[in-house]
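As structure tokens, the structure follows; a few thoughts come after it.
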Amino acid sequence: MPELPEVEVTRLSFADRIAGARVTGVRVGKPLRWPLGCDPQSLVGSQVHGVRRRGKYLLVDLSEGLLLWHLGMSGSLLFSDDRSAPLVHDHVDLDTTQGLLRLNDPRRFGAVVFAPSENSAEAVKLLGHLGVEPLHGGFALDAFHAGLRKRKTVIKQVLLGGELVVGVGNIYASEALFLAGIRPTTRADRISRPRADKLRLAIIDVLARAVKKGGSTLRDFSSADGKTGYFQLEAHVYDRVGEPCRVCGTAIRRIQQGQRSTYYCPICQKP
DNA sequence: CCATATACCTGGCAGC
DNA sequence: TGCTGCCAGGTATATG
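Just add 788 to the spot in the first sequence (first one is 1) and you have our numbering.
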């Protein structure tokens, strides 16, 4: 369910509450995308220093290393004092002196992976290739435009790839391209510098607004404090095939790109 | 090295 | 009520 805004809202909803806690127990249920990579019991006694985010990963810093949490397509976290028995899709519990962090993930594309340090092979394998953070001030036009010019792929795929800029998933890629007025089928290396800047600002804008709204465009998103965010941000194009463009009234189109749906307005977005 | 396809899973929904 | 087929927020890995 999660793109950058949902992951960040999740982080904000429990980072302060879990910081300083001590791990009292770890339970791993059904297999996720990757194995934990260590003996769950070896984490007991570790202290939780804090929670950071890198792209769509949450990094829970422990005294013994770090845990990388990824929500995949359908994952969500809950951090609470409720220690009742896990339900069918509750696959990881990190119990602490300040609450229980529980991963629920019906499709199990998510994962929790232990890495001894941020420079370890385990962490680098997952994080090493990631591009810049769009909301941390380092998302500069020069590097972004230079990166686009090296890619012959269509722009939508470059955004999803996460090697230039992280956090943009299938929904926000369509939305950002609409805001920038760029057709998702446009080759990345044919995007002019001014249009690249428009896209850069659109990405920052749409992601920052979604974080600020505390949620997303997702119908079933809920953060780790259990608060749900239902369609607080109105999508311009995503999931609106056949409906009128909110700007010009033309019917929104849906196409397939890399086995995923892409939505765009044929009038507002130029090749 | 580059671009594209595949694989991993479960659940919800439309249509019959 | 079923049943079937399609669709869904991600991304490492395989393949051409």
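Beta carbons: idealized from backbone N, C-alpha and C, even for Gly.
### Presumed contact (8 Å Cβ cut-off) between R842 and E796, rounded CB distance
Not a contact, Cβ separation roughly 11 Å.
### Task
Taking only runs that begin and end inside the segment 966–995, name each unbroken beta strand (DSSP E) of 3 or more residues, in chain order.
none
#### Entry: Cβ distance (whole Å) where A968 is taken to contact K944 below 8 Å
So it is not a contact: roughly 12 Å between Cβ atoms.
### Task
List the DSSP bridge partners of K1058.
I970
#### Entry: Exposure of Q1057, with buried meaning 16 or more beta-carbon neighbours within 10 Å
buried
### Task
Please classify I1040: does DSSP put it in a helix, a strand, or coil?
coil
### Task
Since I believe V880 is in contact with G825 (beta carbons under 8 Å), could you give me their beta-carbon distance rounded to a whole number of angstroms?
Going by Cβ atoms, the distance from G825 to V880 rounds to 13 Å, so no, they are not a contact pair.
### Spatial distance of V816 from Y845 (CA atoms)
19 Å
### Query
Does DSSP classify E796 as helix, strand or coil?
helix
### Task
Have a look at L947 and N907 and give me their C-alpha separation to the nearest angstrom.
25 Å
#### Entry: Local conformation of L1021 per DSSP, three classes
coil
### Query
Is the beta carbon of T798 less than 8 Å from the beta carbon of A1012?
yes
### Query
Is E951 closer than 8 Å to G925 when the C-beta atoms are compared?
no
### Query
Taking P823 as the reference, which of A899, L936 and V1025 has the closest Cα?
A899
### Query
When you compare each of R805, A803, N892 and V942 to A873 by their alpha carbons, which one comes out closest?
N892
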